[in-house]
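S.K.: Everything in the first sequence is counted per my numbering, starting at -6 for the first residue and increasing by one. The beta carbon of each residue, even a glycine, is placed where N, CA and C say it ideally should be. None of the values given here were measured: they were computed from a predicted structure. Dropping a structure here in structure tokens format, bear with me for questions.
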Amino acid sequence: MTKTFALVDCNSFYVSCEKVFRPDLKNRPVVVLSNNDGCVVARSKEAKQLGIKMGVPVFKIRDEIQRHSITVFSSNYTLYADMSNRVMRILEELAPRVEVYSIDEAFLDLTGVESAVSLLDFGRDIRQKVGQDTGITVCVGIAPTKTLSKLANHAAKDYPATGGVVDLCCSERQRRLLTLYPVDEVWGVGRRLSKRLNAQGIMTALDLANTDPKTIRKGFSVVLERTVRELNGESCIDLEEIVPAKQQIVCSRSFGSRIMTINAMREAVSEYASRAGEKLRGQKRCAKVVSVFIRSSPFNPNELHYSNSASATLDMPTDDTRDIVRVAMMLLDFIWRDGIRYAKAGIMLSDFFEPGVFQQSLFSKPVDASKSQALMATIDKINRTGKNIFLASQGVKKAWSMQRHYLSPAYTTQWKDLPLVR
DNA sequence: TCTGGGGTCCTAGGACCC
DNA sequence: TCTGGGGTCCTAGGACCC
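As structure tokens, this is what we get:
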């Protein structure tokens, strides 16, 4: 049976979240910045029209921001995550099977839906319902494969005449749309691949679809072969309803200002280690491998670039923040070098086990983890209320912590920030 | 002065084994 | 001086995604 997928994607998601609570910004240019107020990661329609590019460092567009009175926000992930949940719950009510693919997109399995209602109407219903309940506008792309539904969604965004919904189930329409998109806009084809493909004369999505899959497998990879088949309507990538358990947890961040002393670096790495431990316990896992990396800015040509990392394998997997911090501090001492202006650091946890299922070595002392578990559970519980319990090693002043000069209130997750209607 | 963060999958190559 | 074939496992690095 032919499958049917829909890709639902929120329009300029982060900007839309901010605009929901700021009706005064309707029809105004708005951008949202990455962590540390570094570069632009989301733009309103109006900001795009002014020529603001995705990913541009904010210091390069100071003039435009001034001249056009563009409103700027720091990233407010607490708000975006909450709004995302609201959107996803609605999709789950409407469709039988949903895969939450990222903070602002979901794949829906619409196989068989067509017998009851037209796919176009179904897409319009989704749009209407999400818009009404959350204030977020979405576009819907419908097709027999995930890769084609991505492209259909693209078209729904690019051509306002579609009303934000494109049904690409008929193969003639597929071919016609494929001619309109360069190959680098295909899902799974990035900068490097498109360069190599272009060199072989494969310029458009249709060119790629018309290439022999076996040749692609030989010259490139099985991944790209799947993409070719998907472009031709053969579904190779299934819906993944169940979120697979994470293989690794990373906590890393650029500093608000450069770090030059080991004490400040110890604070920062302790902080990231604690966040990583929290995430690990949230996944109900213990980790056996801890890695730490530190580096200077790779962008300054007048400075020697230093970047290094180190890993340690523990005797026993752990989810105790104190263990993780202790190992991280050892690793940090190992890679630390004086005289560097450090710009970024991070910690990675990997090699996960479920608590209690690890085979202990014959000679290791039995460990009673119950005290550690109770302590960590208590800390996590308190921290979830918005208070903050932390190890002394994380520091208090945190001169290095990230810059967020344009942060909006936590409208939906803190009572004190609840928007008022006057 | 100022350039994000967090993931996944695949492949090639080395180590090691029989 | 010569130097197989086949297999597994692990890791680093490259590519992609949002």
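Here's a check: name, in chain order, each residue in its chain whose Cβ is nearer than 6 Å to the Cβ of Thr406, leaving out the five neighbours to either side.
M.R.: Here the set comprises Thr71 and Asp75.
S.K.: Taking three-plus beta-carbon pairs below 8 Å as touching, is the stretch 265 to 280 in contact with the stretch 328 to 344?
M.R.: In short, these stretches touch, since the Cβ pair count reaches three.
S.K.: What are the complete beta strand (DSSP E) segments, minimum 3 residues, inside the stretch 302 to 380?
M.R.: Counting only runs of 3 or more, we get 335 to 346.
S.K.: State buried or exposed for Trp408, treating a residue as buried only when at least 16 other CB atoms are found within 10 Å of its CB.
M.R.: The residue in question, Trp408, is exposed, as its Cβ has fewer than 16 Cβ neighbours within 10 Å.
S.K.: How would you call Phe100, buried or exposed, if buried means at least 16 neighbouring beta carbons within 10 angstroms?
M.R.: When all chains shown are included, Phe100 counts as buried.
S.K.: Val33: which of Ser5, Pro291 and Ala305 sits nearest, CA to CA?
M.R.: Cα-wise, what sits closest to Val33 is Ser5.
S.K.: Please say whether Lys337 and Phe248 have beta carbons closer to each other than 8 Å?
M.R.: Against a cut-off of 8 Å, the Cβ pair of Lys337 and Phe248 comes out as a contact.
S.K.: Short of 6 Å in beta carbon distance, which residues of its chain neighbour Ala88, apart from the five on each side in sequence? Order them along the chain.
M.R.: Leu101.
S.K.: Flag this pair as touching only if the stretch 215 to 224 and the stretch 138 to 155 have three or more C-beta atom pairs under 8 Å; answer yes or no.
M.R.: Contact between the stretch 215 to 224 and the stretch 138 to 155 is present, because at least three Cβ pairs lie under 8 Å.
S.K.: Check for me: the beta strand (DSSP E) holding Ile252 runs from which residue to which?
M.R.: Taken as a continuous stretch (DSSP letters only), the beta strand (DSSP E) holding Ile252 covers Gln241 to Ile252.
S.K.: Can the beta-carbon of Ser284 be found less than 8 Å from the beta-carbon of Tyr299?
M.R.: Their beta carbons are not under 8 Å apart, which means Ser284 does not touch Tyr299 by this criterion.
S.K.: Please confirm whether Gln387 and Glu227 have their CB atoms less than 8 Å apart.
M.R.: In this structure, Glu227 does not lie closer than 8 Å to Gln387 by Cβ.
S.K.: Counting pairs of Cβ atoms below 8 Å between the stretch 317 to 329 and the stretch 301 to 308, do you hit three or more?
M.R.: Short answer: they touch.
S.K.: So, Asp97 versus Ser77, is the Cβ gap smaller than 8 Å?
M.R.: Contact flag set, yes.
S.K.: Alpha carbon to alpha carbon, how far is Asn295 from Arg251?
M.R.: C-alpha separation (whole angstroms): 15 Å.
S.K.: So, for Ala261: in the same chain, excluding its five sequence neighbours on each side, which residues have a beta-carbon less than 6 Å away from its beta-carbon?
M.R.: Only Ala338 and Trp393 meet the Cβ criterion.
S.K.: Anyone know if the C-beta pair for Met253 and Ile287 falls short of 8 Å?
M.R.: Not in contact: Met253 and Ile287 (Cβ atoms no closer than 8 Å).
S.K.: Would you please state the rounded distance, in angstroms, between the beta carbons of Ala(-1) and Leu144? I believe it to be under 8 Å.
M.R.: No, Ala(-1) and Leu144 are not in contact; Cβ-Cβ is about 13 Å, not under 8 Å.
S.K.: Checking 8 Å against the spacing of the C-beta atoms, do Cys279 and Phe383 come in under that value?
M.R.: For Cys279 and Phe383, no; Cβs fall outside 8 Å.
S.K.: With a threshold of 7 Å on Cβ separation, who are the neighbours of Leu170 within its own chain once the five nearest residues in sequence on each side are excluded?
M.R.: Cβ neighbours of Leu170 beyond the five flanking positions: Leu144, Ala148 and Leu161.
S.K.: Touching or not, the stretch 124 to 134 and the stretch 9 to 25, by the rule of three or more beta carbon pairs under 8 Å?
M.R.: Yes, the stretch 124 to 134 is in contact with the stretch 9 to 25.
S.K.: Tell me which same chain residues have a C-beta within less than 6 Å of the C-beta of Thr311, skipping the five on either side of it?
M.R.: Cβ within range, chain order: Cys279.
S.K.: Where does Glu227 sit, in a helix, a strand or coil, going by DSSP?
M.R.: If DSSP states are grouped into helix, strand and coil, Glu227 belongs with coil.
S.K.: Only counting the same chain, and skipping five residues up and downstream in sequence, which positions put a Cβ closer than 7 Å to that of Arg268?
M.R.: So the list reads Cys244, once near-sequence residues are dropped.
S.K.: How far does the alpha helix (DSSP H) with Val262 in it reach, from first residue to last?
M.R.: Run containing Val262: Ile255 to Gly275, per the alpha helix (DSSP H) assignment.
S.K.: On the three-state DSSP scale, how would you describe Ile235?
M.R.: Correct three-state label for Ile235: coil.
S.K.: When DSSP builds the beta bridges, which residues end up paired with Val285?
M.R.: Note: Val285 sits in a beta bridge opposite Ala303 and Ile340.
S.K.: Thinking C-beta only, is Val65 closer than 8 Å to Val8?
M.R.: Contact flag unset, no.
S.K.: Going by other Cβ atoms of all chains shown within 10 Å of its Cβ, with 16 needed for buried, is Asp316 buried or exposed?
M.R.: Asp316 comes out buried.
S.K.: Spell out the partners DSSP gives Thr155 in its beta bridges.
M.R.: Answer by DSSP bridge pairing: none, since Thr155 is not bridged.
S.K.: Going by C-alpha distance, which of Pro153, Pro237, Gly48 and Gly124 is nearest Glu92?
M.R.: Selected option, being the one with the closest Cα: Pro237.
S.K.: Taking the beta carbon of Asp114 as the centre, do at least 16 other beta carbons fall within 10 Å, making it buried, or is it exposed?
M.R.: So Asp114 ends up on the exposed side.
S.K.: Quick check: what's the CA-CA separation for Ala403 versus Arg79?
M.R.: Rounded to whole angstroms, Ala403 to Arg79 spans 15 Å at the Cα level.
S.K.: Starting from Arg120, trace the alpha helix (DSSP H) in both directions and tell me its first and last residue.
M.R.: Where Arg120 is concerned, the enclosing alpha helix (DSSP H) stretches over Leu112 to Thr127.
S.K.: How big is the Cα-Cα spacing for Leu18 and Val51?
M.R.: Distance between the alpha carbons of Leu18 and Val51 is about 20 Å.
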